[in-house]
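To keep things clear, I will list the structure first and then write my remarks on it.
Residue numbers (this note's numbering): 163 to 343.
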């Protein structure tokens, strides 16, 4: 068991280095808008959590034989809708938290509304992507002959960490252009 889990975790550990690479790619944006760094853990953990949750539900359904490999399309459609709803909920909470924070202009600067929009839209995208990836990876691993219970959630976490950074800073480039960036 340790060998099986250890090999996956070692490979994923090396994959996590891509997160640092992605952050390095956006280092100028982070330097110009330090406020963005405050939300990195929130955004990537929300995506990873939603992905791990989706993976767990699909793996459970596979184990109970409620879902088969051929059901991937139906599951994907359902999980995209769920991801959009969950991302919308978390994005709304983040938006309200930033807008209602007592010292928002001190903490987030004069462009706090744009920061709130950036975080909110990023959560929508990252949670939707995390949910989609988490729900589809068990199908991929099962098809490839791997045990989805061992590999799916850690792989989702790594994948969503890297892509979550890219989604977040891409959204920031659009929403904060001319203000902070």
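Virtual Cβ for every residue (Gly too), placed ideally from N, Cα, C.
Requested in this report: Can you tell me which of 247, 234 and 209 puts its alpha carbon nearest to the alpha carbon of residue 304?
Outcome: By 1-based counting over the chain shown, the position of residue 304 is 142. Taking only the C-alpha atoms, the option nearest residue 304 is 234.
Query raised in the report: Where does residue 253 fall in DSSP's three states?
Result: Within the chain shown, the letter at position 91 stands for residue 253. Here residue 253 sits in helix by DSSP.
Query raised in the report: Are residue 209 and residue 322 touching if we call contact CB-CB under 8 Å?
Result: Taking the chain shown and counting its residues from 1, one reaches residue 209 at position 47. Taking the chain shown and counting its residues from 1, one reaches residue 322 at position 160. Yes.
Query raised in the report: In its own chain, which residues sit with a C-beta less than 7 Å from the C-beta of residue 263, not counting the 5 before and 5 after it?
Result: Stepping through the chain shown from its first residue, residue 263 is reached at position 101. Excluding sequence neighbours, residue 263 sits near 269.
Requested in this report: Compare the C-alpha of residue 163 against each of 218, 201, 213 and 312 and name the closest.
Outcome: Looking up residue 163 in the chain shown gives position 1. Out of 218, 201, 213 and 312, 312 has the C-alpha closest to the C-alpha of residue 163.
Query - Validate contact between the region 295 to 304 and the region 220 to 232 using beta carbons, cut 8 Å, 3 pairs - result: yes
Query raised in the report: Can you give the Cα-Cα distance for residue 180 and residue 189, rounded to whole angstroms?
Result: Sequence index remark: in the chain shown, residue 180 carries index 18 (1-based). Sequence index remark: in the chain shown, residue 189 carries index 27 (1-based). Whole-angstrom Cα-Cα distance: 14 Å.
Query raised in the report: Between 173, 186 and 167, which lies nearest to residue 327 when the distance is taken from Cα to Cα?
Result: Looking up residue 327 in the chain shown gives position 165. That would be 186, whose Cα lies nearest to the Cα of residue 327.
Query - Cβ-based burial, residue 145 [other Cβ within 10 Å; buried from 16] - result: For the chain, the structure presents residues 163 to 343; residue 145 sits outside this window and is missing.
Query raised in the report: By Cβ distance below 8 Å, which residues in the same chain neighbour residue 257 in space, the five residues on each side in sequence not counted?
Result: The residue labelled residue 257 in the question sits at position 95 within the chain shown. Result list for residue 257: 278, 279, 281 and 282, in chain order.
Query raised in the report: Does residue 224 have its Cβ less than 8 Å from a Cβ in chain B?
Result: Of the protein chains in this structure there is only one, and it is not chain B.
Query raised in the report: Looking only at its own chain, which residues have a Cβ that is under 8 Å from the Cβ of residue 217, when we skip the five neighbours before and after it?
Result: Here residue 217 corresponds to residue number 55 of the chain shown, with the count starting at 1. For residue 217, where only same-chain residues beyond five positions count, the Cβ hits under 8 Å are 296, 297, 299, 300, 310, 314, 315 and 318.
Requested in this report: Using 10 angstroms around the beta-carbon of residue 340, count the other beta-carbons present and answer buried if the total reaches 16, otherwise exposed.
Outcome: Against the chain shown, residue 340 aligns to sequence position 178. That one is exposed.
**Report entry** Residue burial classification, residue 329 (beta-carbon count within 10 angstroms, cutoff 16)
**Finding:** For the purposes of this step, residue 329 is identified with residue 167 of the chain shown, where counting begins at 1. Buried, by the Cβ-count rule.
Requested in this report: Please classify residue 211: is it buried, with 16 or more other beta-carbons within 10 angstroms of its beta-carbon, or exposed?
Outcome: The sequence position of residue 211 within the chain shown is 49, counting from 1. Burial call: buried.
Query - Host alpha helix (DSSP H) of residue 195 (start-end) - result: Position 33 of the chain shown, counted from the start, is the residue given in the question as residue 195. Taken as a continuous stretch (DSSP letters only), residue 195 belongs to no alpha helix (DSSP H), as it is neither H nor E.
Report task. Could you work out which residue in 166, 255, 176 and 284 is closest to residue 338 when comparing CA atoms only? Result -> As a position in the chain shown, residue 338 is number 176, starting the count at 1. The residue with the shortest Cα to Cα distance from residue 338 is 284.
Query raised in the report: Looking at C-alpha atoms only, which residue of 176, 214, 178 and 169 is the closest neighbour of residue 292?
Result: Position 130 of the chain shown, counting from 1, holds the residue named residue 292. The candidate whose alpha carbon is nearest that of residue 292 is 214.
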